[in-house]
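Visitor: Just so it is clear: in the sequence shown, position 46 is 46 by our numbering, and no numbers are missing. Positions of the beta carbon are idealized from the N, C-alpha and C atoms, including for glycine. It should be emphasised that the depicted structure is a prediction, and the values quoted were computed from it without experimental measurement. What follows is a single structure, and I will ask about it in a moment.
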Amino acid sequence: MIDLNAYLEPGALVRHPDRPDWGLGQVQSRIGHRITVNFENAGKVVIDGRVIGLLPEYD
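Right, dumping it as structure tokens:
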């Protein structure tokens, strides 16, 4: 399985696979396995990339 989180950079648009109600999120930072994302409907959330594989959103 490819770890797509390793390719996320600030500004990338993502969705949380288990929380579609959070809406679209924008990566604020990625430091190791900690990914900070600002979601439309949930605000700023720190994701453990070892546990959750965020889904990239392409334009």
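Would you call LEU54 buried or exposed, if buried means 16 or more other Cβ atoms sit within 10 Å of its Cβ?
Guide: The residue is buried, with at least 16 neighbouring Cβ atoms inside 10 Å.
Visitor: For a quick check, are the C-beta atoms of ARG19 and GLY49 less than 9 Å apart?
Guide: No, they are not a contact pair.
Visitor: Who are the Cβ neighbours of GLU40 in its own chain at under 8 Å, not counting the five residues just before and after it?
Guide: Closer than 8 Å at the Cβ level, and outside the excluded window around GLU40, lie TRP22, GLY23, LEU24 and GLY25.
Visitor: Roughly how many whole angstroms lie between the Cα atoms of GLU57 and GLY32?
Guide: Between GLU57 and GLY32, the C-alpha separation is close to 21 Å.
Visitor: Using the Cα positions of THR60 and ALA12, report the straight-line distance between them to the nearest angstrom.
Guide: Nothing can be reported for residue 60: it is not among the residues displayed for the chain, which extend from 1 to 59.
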